[in-house]
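2 protein chains.
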Amino acid sequence: MAQKPSIPKGTRDFGQVEMARRNYIFDTIKGVFQLYGFQQIETPAMENLSTLMGKYGEEGDKLLFRIQNSGEKAALAPEKGLRYDLTVPFARYVVQHREEISFPFKRFQIQPVWRADRPQKGRYREFYQCDVDVIGSDSLVGELELIQIVEEVYRRLGINVCLHINNRKVLAGIAEVIGAPDKMVDITVAIDKLDKIGVEAVNAELIERGLNAEQVDKLQPILNISGSTADKLNALRIILSDSETGIKGVAELETLFGLIEATGVQLNIELDLCLARGLNYYTGAIFEVKALDAQIGSITGGGRYDNLTGIFGLPNVSGVGISFGADRIYDVLTELDLFPKKLQSSTQILFAAFGEEELRYALQWVKALRAEGMTVEVYPEPAKMKKQMGYADAKQIPFVAIVGGDEMTQNKVMLKEMESGNQQLVDMQELIKKVSR
Amino acid sequence: MAQKPSIPKGTRDFGQVEMARRNYIFDTIKGVFQLYGFQQIETPAMENLSTLMGKYGEEGDKLLFRIQNSGEKAALAPEKGLRYDLTVPFARYVVQHREEISFPFKRFQIQPVWRADRPQKGRYREFYQCDVDVIGSDSLVGELELIQIVEEVYRRLGINVCLHINNRKVLAGIAEVIGAPDKMVDITVAIDKLDKIGVEAVNAELIERGLNAEQVDKLQPILNISGSTADKLNALRIILSDSETGIKGVAELETLFGLIEATGVQLNIELDLCLARGLNYYTGAIFEVKALDAQIGSITGGGRYDNLTGIFGLPNVSGVGISFGADRIYDVLTELDLFPKKLQSSTQILFAAFGEEELRYALQWVKALRAEGMTVEVYPEPAKMKKQMGYADAKQIPFVAIVGGDEMTQNKVMLKEMESGNQQLVDMQELIKKVSR
Numbered sequence: 016m017a018q019k020p021s022i023p024k025g026t027r028d029f030g031q032v033e034m035a036r037r038n039y040i041f042d043t044i045k046g047v048f049q050l051y052g053f054q055q056i057e058t059p060a061m062e063n064l065s066t067l068m069g070k071y072g073e074e075g076d077k078l079l080f081r082i083q084n085s086g087e088k089a090a091l092a093p094e095k096g097l098r099y100d101l102t103v104p105f106a107r108y109v110v111q112h113r114e115e116i117s118f119p120f121k122r123f124q125i126q127p128v129w130r131a132d133r134p135q136k137g138r139y140r141e142f143y144q145c146d147v148d149v150i151g152s153d154s155l156v157g158e159l160e161l162i163q164i165v166e167e168v169y170r171r172l173g174i175n176v177c178l179h180i181n182n183r184k185v186l187a188g189i190a191e192v193i194g195a196p197d198k199m200v201d202i203t204v205a206i207d208k209l210d211k212i213g214v215e216a217v218n219a220e221l222i223e224r225g226l227n228a229e230q231v232d233k234l235q236p237i238l239n240i241s242g243s244t245a246d247k248l249n250a251l252r253i254i255l256s257d258s259e260t261g262i263k264g265v266a267e268l269e270t271l272f273g274l275i276e277a278t279g280v281q282l283n284i285e286l287d288l289c290l291a292r293g294l295n296y297y298t299g300a301i302f303e304v305k306a307l308d309a310q311i312g313s314i315t316g317g318g319r320y321d322n323l324t325g326i327f328g329l330p331n332v333s334g335v336g337i338s339f340g341a342d343r344i345y346d347v348l349t350e351l352d353l354f355p356k357k358l359q360s361s362t363q364i365l366f367a368a369f370g371e372e373e374l375r376y377a378l379q380w381v382k383a384l385r386a387e388g389m390t391v392e393v394y395p396e397p398a399k400m401k402k403q404m405g406y407a408d409a410k411q412i413p414f415v416a417i418v419g420g421d422e423m424t425q426n427k428v429m430l431k432e433m434e435s436g437n438q439q440l441v442d443m444q445e446l447i448k449k450v451s452r
Numbered sequence: 016m017a018q019k020p021s022i023p024k025g026t027r028d029f030g031q032v033e034m035a036r037r038n039y040i041f042d043t044i045k046g047v048f049q050l051y052g053f054q055q056i057e058t059p060a061m062e063n064l065s066t067l068m069g070k071y072g073e074e075g076d077k078l079l080f081r082i083q084n085s086g087e088k089a090a091l092a093p094e095k096g097l098r099y100d101l102t103v104p105f106a107r108y109v110v111q112h113r114e115e116i117s118f119p120f121k122r123f124q125i126q127p128v129w130r131a132d133r134p135q136k137g138r139y140r141e142f143y144q145c146d147v148d149v150i151g152s153d154s155l156v157g158e159l160e161l162i163q164i165v166e167e168v169y170r171r172l173g174i175n176v177c178l179h180i181n182n183r184k185v186l187a188g189i190a191e192v193i194g195a196p197d198k199m200v201d202i203t204v205a206i207d208k209l210d211k212i213g214v215e216a217v218n219a220e221l222i223e224r225g226l227n228a229e230q231v232d233k234l235q236p237i238l239n240i241s242g243s244t245a246d247k248l249n250a251l252r253i254i255l256s257d258s259e260t261g262i263k264g265v266a267e268l269e270t271l272f273g274l275i276e277a278t279g280v281q282l283n284i285e286l287d288l289c290l291a292r293g294l295n296y297y298t299g300a301i302f303e304v305k306a307l308d309a310q311i312g313s314i315t316g317g318g319r320y321d322n323l324t325g326i327f328g329l330p331n332v333s334g335v336g337i338s339f340g341a342d343r344i345y346d347v348l349t350e351l352d353l354f355p356k357k358l359q360s361s362t363q364i365l366f367a368a369f370g371e372e373e374l375r376y377a378l379q380w381v382k383a384l385r386a387e388g389m390t391v392e393v394y395p396e397p398a399k400m401k402k403q404m405g406y407a408d409a410k411q412i413p414f415v416a417i418v419g420g421d422e423m424t425q426n427k428v429m430l431k432e433m434e435s436g437n438q439q440l441v442d443m444q445e446l447i448k449k450v451s452r
């Protein structure tokens, strides 16, 4: 036989069990997005390279999958690339369709993205993102609703999480007051690693990134701020008193925590001054969600941006958004055994017939039961009992209706409950009653 | 301002109204597939070029979108291409995962495909296919269930259709009896065009494709067979009596029409001897569905194949499948105005507040109503009445709850029904009752 076919490294096939589980995650997330009035859009898998290039940093440009031009232009440089995330296509969409959109624009988007990353455990070259954004308003109600969405999604999925919040204006203020206002990005990138590499290594990296010893010293008390949210905000208000931006960030956090309290959000929320998030376009609140009972890093993240559409020529449109990591949520639900059991099989009953005439009889029943909305299969040929039962077992179908000559004469079927092995001769009404229970 | 951004030609953005309509189509189709026990799989957007090349003919190879290798291999020839259809990846999937699959394998797949075709009205470079197949059984119950699925999908969508059926063995038999057994493909490709170009042009094409005048003459009575299905089958049985293959095809059609009658299929079905379908891998029944009230060509098609997985080294696995053309179904539903009206807006009520305090009050109501499962939005800032009402209008939200100081004092809101313009002061229970009605 020829060599077994395969798929490109870093990509995956999803079989029926995985798909049922993935759809459970997507449908749960989608259901919550819709409850809040967010509406779905989709953008093409390929974007012009001019849309994508330069938006993800030098490293990102290298990770874009480029598509060769077809036909005559094949020899020229490629003009198209595969979607690398959902954020840049969203910004492009907003600018391109701004005349048709009523702002504030509440959209969600659930689509795959592609990155030419080195494949490794838990990192794929094709994976789904689930993004939800509201753009065209700088109201903190946007942040509040995203937090409520996080709460509701993880409540429905049964995952205990902690939401970490910080604010980029606070981080900018910190850079300002330690005398390194141009180093905000370097500082945030370094302190973002505090959890992973520890304070010594972070300080070393800060020096490496061009801060002097005095500036690193000045930063230490900020890394050590602790206590309740109110304590942290009070400490920050003093430390950042000379920075207008910093104080604005503190005020935003205070308002947001006020809204969180006023609306009775039950989620674990931590003001985490070491949270920075890598992406440069965030300008206000930033979020990250971690599963409490699994070691897996962030499963949701996002933040406020004031100029995302500026790169496409539409400046000063503020928005806030978050992205749910479907693959990681899948891994958490698997690890904690939280997928609902009944996802496995969708078929309620299999009809097994042992002759052509019996098969035709079975097809009548099957038709009637489907008209009642029941998910029914019929084994398509009069195969041996063992083969037909094996099929029901493999697909985890809970009931098999066996049709032989006797059953036909009585206008009944022999209903077998697969788990117990019990069999009973039933008419159609009895069957519906037993199987639907 | 910079030049407005755009997307590659032949691709599309889908806004919220289009997405709601597209999801309506996909959900309807998916619901019927599941009722019949078909389960969803997904395959990667990119396949190895070795999987794709040579499977779609020379023309198809040219229409594959090739993906450049990243990093070091960038200079070498590309090794990956974008999915061109769902059939070849399905065959690859079956062979690759044959140990895990319990046959007969009933799968469906709804994913985009990409073709570097010249874009034109109704033809896109990225479009979705909805494929349903049962593989690993040669029972005609497979054909029957696909016909029942066609009936149920179009009943649910409200589209009147006619299903055209033919059988490739009959076509092979015809080639045999006119003395051109090696010209089956040429004959089928030519007579497939009978509807479009007429009998004269078809005959000319047959000559061009290497048939002689005598063979073309012999073919004419077959092109002219008419009457009821039974009449047609009787005529064929006589004409094809010298062809074992042809007689087998007639017998398959007879059995299938018997099953169709026995199970009371209500669909318009026509035995159409001029139906050929271009693809070479069909070996038995072939189908095509046309909308009766719209001029749009085929909206669903498929057939029986006996050796699809043979190209990947697993011979003699018979299957049957059909593909629903979502874009064309969309166009038919649009043309005939058959989309349900309530798809347009998913949000049931918008809260409009005119001060920060009112906004906080509104947020309490919004939270309580969402807990009741209602789809609720709150305008995120205390903007002018006109702006907030304009937002509700644009999103076609049927109710607006207006919150001012008076309403707060009374623990009520002013509920405005947008269509009539009627306003009424209501408490929460009254609101739920009115909006849910």
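Order-wise, the sequence lines are chains A and B.
Take any residue in the first sequence, count from 1 to its spot, add 15: that is its number in our numbering.
Take any residue in the second sequence, count from 1 to its spot, add 15: that is its number in our numbering.
Backbone N, C-alpha and C fix where the C-beta goes; we use that ideal spot for every residue, glycine too.
Just so you know, these numbers come straight off a predicted model, no measurement behind them.
Based on DSSP bridge pairs, tell me the residues matched to residue i.
i: residue 317 of chain B; result: B:302, B:337
i: residue 289 of chain A; result: Answer by DSSP bridge pairing: none, since residue 289 of chain A is not bridged.
i: residue 11 of chain A; result: For chain A, the structure presents residues 16 to 452; residue 11 of chain A sits outside this window and is missing.
i: residue 146 of chain B; result: B:124, B:338
i: residue 81 of chain B; result: B:96
i: residue 55 of chain B; result: B:123
i: residue 343 of chain B; result: Per DSSP, none; premise fails for residue 343 of chain B.
Is it right to say residue i is buried, meaning 16 or more other beta carbons lie within 10 angstroms of its own, or is it exposed?
i: residue 158 of chain A; result: buried
i: residue 138 of chain B; result: exposed
i: residue 353 of chain A; result: exposed
i: residue 21 of chain B; result: exposed
i: residue 324 of chain A; result: buried
i: residue 66 of chain A; result: buried
i: residue 92 of chain A; result: exposed
i: residue 439 of chain A; result: exposed
i: residue 119 of chain B; result: buried
i: residue 372 of chain A; result: exposed
i: residue 16 of chain B; result: For residue 16 of chain B, the predicted structure reports a pLDDT of 45, less than 50, and the residue's modelled location is therefore unreliable. The matter cannot be settled from this model.
i: residue 355 of chain A; result: exposed
i: residue 133 of chain B; result: exposed
i: residue 193 of chain B; result: buried
How many whole angstroms separate the CB atoms of residue i and residue j, which I take to be in contact at a CB cut-off of 8 Å?
i: residue 240 of chain B; j: residue 247 of chain B; result: 5 Å
i: residue 362 of chain A; j: residue 392 of chain A; result: 5 Å
i: residue 198 of chain B; j: residue 225 of chain B; result: 7 Å
i: residue 64 of chain B; j: residue 96 of chain B; result: 5 Å
i: residue 301 of chain A; j: residue 161 of chain A; result: Residue 301 of chain A to residue 161 of chain A, Cβ: 11 Å. No contact.
i: residue 231 of chain B; j: residue 222 of chain B; result: 6 Å
i: residue 430 of chain A; j: residue 441 of chain A; result: 5 Å
i: residue 415 of chain A; j: residue 374 of chain A; result: Not confirmed; about 14 Å, so no contact.
Quick one: residues in its chain with C-beta nearer than 6 Å to the C-beta of residue i, no 5 flanking neighbours on either side, listed in chain order?
i: residue 131 of chain B; result: 78, 80
i: residue 282 of chain A; result: 166, 178
Taking 8 Å as the limit between beta carbons, can you name the residues of its chain near residue i, skipping five residues before and five after?
i: residue 278 of chain B; result: 159, 163
i: residue 250 of chain B; result: 240, 242
Could you pull out every residue in the same chain whose Cβ sits closer than 7 Å to the Cβ of residue i, ignoring the five residues on either side in sequence?
i: residue 295 of chain A; result: 200
i: residue 358 of chain A; result: 35, 36, 39
i: residue 217 of chain A; result: 205, 206, 208, 209
i: residue 449 of chain B; result: 430, 441
i: residue 121 of chain A; result: 52, 53, 54, 149
Inspect the CB distances between the region 369 to 384 of chain A and the region 331 to 341 of chain A and report whether three or more fall short of 8 Å. no
Taking three-plus beta-carbon pairs below 8 Å as touching, is the region 251 to 267 of chain B in contact with the region 305 to 314 of chain B? no
Does the contact criterion of 3 or more C-beta pairs under 8 Å hold for the region 40 to 59 of chain B versus the region 41 to 48 of chain A? no
How about the region 393 to 413 of chain B and the region 168 to 185 of chain A: do they share at least three Cβ pairs that are nearer than 8 Å? no
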